[in-house]
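Residue numbers (my numbering), protein chains in the order written: chain Z, 1 to 666; chain U, 667 to 974. Structure record follows, encoded as structure tokens.
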């Protein structure tokens, strides 16, 4: 059997080299196609490596002596790494193919080579993160990921909002890195090694363990966009090129989830409150994410807020799992982790699909404003069908994949309600209705997006003249839509993979004899989903049969007797969401400018409404402004003169040398 | 054999009974208004006639408009396979089916609202927005109730929760169940767009919810919409009836008859509510739904206090 690591490393090398052809090629179109081919080859190698790793019993690790003073680096593909390798390789290959149609090199001779290069580096760094077992390698890859993503997202923009979004992303990302430095240093203190320990190697009862958990929560939480650390996420996703948004939302923020799962798996005897913290963070992120999403008019910003919501759902699963294992309920541990990990995979597929769809729509209409779209289903039937698939999947509706993972998390919660001492642990009972509310709100939001953008009549001239996306953009969407349907209709196929991963994270679980099949009849979900499809087919046949035998007329939409309706009379996204935005106005703080209408023949007036980034504008910016004023003395150190900066480094180095010299002496 | 016959009865009742409930409701309303009212079987005639009629489609609409009622009906039919009727287990029963049941209604709602938006009419958009908004708010009430049921019955399947629902539970957790029944009745009325949430007989588009969403459907499509809506009323009604009328005789035939009788009584109750109440102002609707959630949340608190 071929070594999984060998295949994965091949994947890294192929992906990393994908940036080169366009830099040297005489024919840009050809260079871009070669880059896409390299990404697809990398995905083939990487996905087969991941599947091979999931299939084999023992974990393979490679030790690399790289001659830096923190000891030899180690890489390994264990089941958890393998599970995350699947979306990384698949989504990045889809992005590279999509880029051929979305950001063609002939039309963007300046930016396309850079974008391709940074996408290639980003892919390679993402893969390195999940296989790194050494703190320094991990942090180096993490930094490369953060920086290459910054360049990829700001590549096309000289506009201020793009630069601002990039700066915010970079600053917040580096605050997260600070927390990760703390995380790895504390871990080194606990294990006296820079290598990551195995699953369940550390007791979670010490104060150091608490500190490690909090550092991981902060560092990985910033990357995954947990509320209130999510402030970088909406503007970064909205302003990046759509395929970069897809990889950010589908894969990059999942690195936070990967880190969190990895960090928690290091411990045994996890205290109950860790689970409660994750569950609470999940509920807050889920609700805040979806409520803010409802208020958005910008299709990509809306999708970005849904990423926060879905990260919340994933965290809820992890919380259930930790609470279960600390209360000795292995079924909860299994259902929670399996649900969270499956939702991670599912969100990667349907959210990338939705961002690709949004990219096609933006390409066609030249705007991100939903209220200027409309009637796109007629002009872009395939994009519409794929977007609809993604929308139904992200709402967690059967028969698609989003339902399966949410269902596993629900099962964990309800199992907790039945089995736990609910008087002391009422958390499960409160979380289930919260998840239902999140689901209902997500449905309202995605009906809005799909209905306003794709249905009705065009609201602007551009959207009336929109065109279907090319094959290079449609193919990745088709692949991802097929994955959504596949996992949704046959969820029992992924159960063994999930079970392998959960068992590797929690070695004690195997001994209890808890199986996924014993607690979640995924086969029955599959039966109901297939029955549903059959029923849709049967009713459609019956209806068509009937329609063919009765007169069919075409007329105008019923307008209560009004015969000259215009496209502007349609319901807009803002009006669709108005009631919900009003109900949650305490959180959203919407700005509305309602004009005063005076006289019998009023002048033309305009109405505006806008949902701001309440937390960023209302809390963080004032806070940092205040800090900025108070710390003006310290800021004198930061004067921009490079030679003095180098002096700082020299002084620090000498100070450290002196300190270690005296420490060894004493 | 026994199971096969019960499944057959289940399917036949599911397919045939729903329109009767509408007939009973209308007859009750007629009684309160001092009229004779239409025959009990009038809804069947209406639906059959619509099914035979021709259709008129708006020039704005696409395939999604035609698919809307079909997907909604298919999702409701699939949900019907999970709901136990007449003290018999549902044809498909498994751990966690109550979540699938709730989410299948979600799928139906998605397509009904999308079909409404496909017409490009502001009225239908308005109806769609209201439907999406109000059902979000009804969702927590339903799930708090499911938590109560799971806790009282120690089961994670609708068949287990409702079928073996012990009449004795009313003595043990009567207060909680009363609160929950109140919440579920509100959800039942809201989800099926009955008074006080929506008036199925109104002719003013501005104030309607469900009826305004389906204004543009005609002929067989409208028949599908009406039938799907009655099936939804039947299923949520069955959930309510199982809890409030925990009658168990042990005899299969008597149980089936008792179930049908209870459903008819429920229809009479809905008719009575519709005859004696006015429709709420739209701005009041969220308040009533939030109070339903609060009722069921209190029911949940009462149940959580007890050890299993």
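By construction, the Cβ of each residue, glycine as well, lies at the ideal position given by its N, Cα and C atoms. All values derive from a computational prediction rather than experimental measurement.
| Query | Result |
| --- | --- |
| Can you look up residue 210 of chain Z in the DSSP assignment and give me helix, strand or coil? | helix |
| Residues in its own chain within less than 8 angstroms of residue 713 of chain U by CB, not counting five upstream and five downstream? | 685, 889, 892, 893 |
| Go to residue 359 of chain Z, then tell me how far its beta strand (DSSP E) extends in each direction, as first and last residue. | No beta strand (DSSP E) contains residue 359 of chain Z, which is instead part of the alpha helix (DSSP H) from 330 to 365. |
| What distance in whole Å lies between the Cβ atoms of residue 487 of chain Z and residue 479 of chain Z, which are believed to be in contact at a cut-off of 8 angstroms? | That belief does not hold up - the Cβ atoms of residue 479 of chain Z and residue 487 of chain Z are roughly 13 angstroms apart, past 8 angstroms. |
| Can the beta-carbon of residue 345 of chain Z be found less than 8 angstroms from the beta-carbon of residue 251 of chain Z? | no |
| With three or more beta-carbon pairs closer than 8 angstroms as the criterion, would you say the stretch 446 to 455 of chain Z touches the stretch 787 to 806 of chain U? | yes |
| Just to confirm before moving on: does the CB-CB distance between residue 267 of chain Z and residue 215 of chain Z stay below 8 angstroms? | no |
| How would you call residue 256 of chain Z, buried or exposed, if buried means at least 16 neighbouring beta carbons within 10 angstroms? | buried |
| So residue 557 of chain Z contacts chain U; which residues on that side make the cut at Cβ distance below 7 angstroms? | 724, 726, 785, 786, 787, 882 |
| Give me the residue from Z/366, Z/315, Z/328 with the minimum Cα distance to residue 341 of chain Z. | Z/315 |
| At the level of alpha carbons, what is the spacing between residue 851 of chain U and residue 746 of chain U? | 19 angstroms |
| Which chain Z residues sit within Cβ distance under 7 angstroms of residue 719 of chain U? | 550 |
| In the DSSP assignment, what residue or residues form a beta bridge with residue 61 of chain Z? | Z/76 |
| Mind listing which residues of the stretch 386 to 412 of chain Z have their C-beta closer than 7 angstroms to chain U's C-betas, in chain order? | 392, 395, 396, 397, 398, 403, 407, 410, 411 |
| Within 8 angstroms of any Cβ in chain U, is that where the Cβ of residue 576 of chain Z sits? | yes |
| How would you write the range of the alpha helix (DSSP H) that residue 152 of chain Z sits in, first residue to last? | 135 to 153 |
| Could you tell me which whole alpha helix (DSSP H) segments of length 4 or greater appear in the stretch 758 to 829 of chain U? | 763 to 784, 788 to 819 |
| Hey, residue 323 of chain Z and residue 410 of chain Z are a contact pair by Cβ (cut 8 angstroms); roughly how many whole angstroms apart? | 15 angstroms between Cβ atoms; not a contact. |
| At 9 angstroms on the CB atoms, spell out the chain Z contacts of residue 703 of chain U, in chain order. | Here the premise fails: no neighbours, minimum Cβ distance about 28 angstroms. |
| Below 8 angstroms, can you find three or more Cβ-Cβ pairs linking the stretch 542 to 558 of chain Z to the stretch 723 to 737 of chain U? | yes |
| What's the gap between the Cα of residue 17 of chain Z and the Cα of residue 23 of chain Z? | 11 angstroms |
| Any C-beta of chain U sitting closer than 8 angstroms to the C-beta of residue 546 of chain Z? | yes |
| Can you give the Cα-Cα distance for residue 168 of chain Z and residue 318 of chain Z, rounded to whole angstroms? | 28 angstroms |
| By the DSSP assignment, the alpha helix (DSSP H) with residue 723 of chain U in it spans what residues? | Taken as a continuous stretch (DSSP letters only), residue 723 of chain U belongs to no alpha helix (DSSP H), being part of the beta strand (DSSP E) at 721 to 724. |
| Please name the residues in the stretch 558 to 570 of chain Z whose beta-carbon is closer than 7 angstroms to at least one beta-carbon of chain U, in chain order. | 558, 559, 560, 569, 570 |
| Tell me, please, whether the CB atom of residue 331 of chain Z is closer than 8 angstroms to any CB atom in chain U? | no |
| CB-CB under 6 angstroms to residue 628 of chain U, same chain, minus the five flanking residues each way: which ones, in chain order? | Residue numbering for chain U in the displayed model covers 667 to 974; residue 628 of chain U lies beyond these limits and cannot be assessed. |
| Pull up the distance between the alpha-carbon of residue 545 of chain Z and that of residue 718 of chain U, whole angstroms please. | 11 angstroms |
| Would the beta-carbon of residue 363 of chain Z fall within 8 angstroms of that of residue 102 of chain Z? | yes |
| Does the beta carbon of residue 820 of chain U come closer than 8 angstroms to any beta carbon on chain Z? | yes |
| Short of 7 angstroms in beta carbon distance, which residues of its chain neighbour residue 149 of chain Z, apart from the five on each side in sequence? Order them along the chain. | 122, 248, 252 |
| Is the CB of residue 491 of chain Z under 8 angstroms away from at least one CB in chain U? | no |
| Are the stretch 52 to 61 of chain Z and the stretch 79 to 87 of chain Z touching, with three or more C-beta to C-beta distances below 8 angstroms? | yes |
| In three-state terms, what does DSSP make of residue 604 of chain Z? | coil |
| Let me make sure I understand the geometry here. Which of Z/379, Z/353, Z/531, Z/639 has the alpha-carbon closest to that of residue 95 of chain Z? | Z/353 |
| If the cut is a Cβ gap below 7 angstroms, which residues of chain Z does residue 765 of chain U touch? | 407, 410 |
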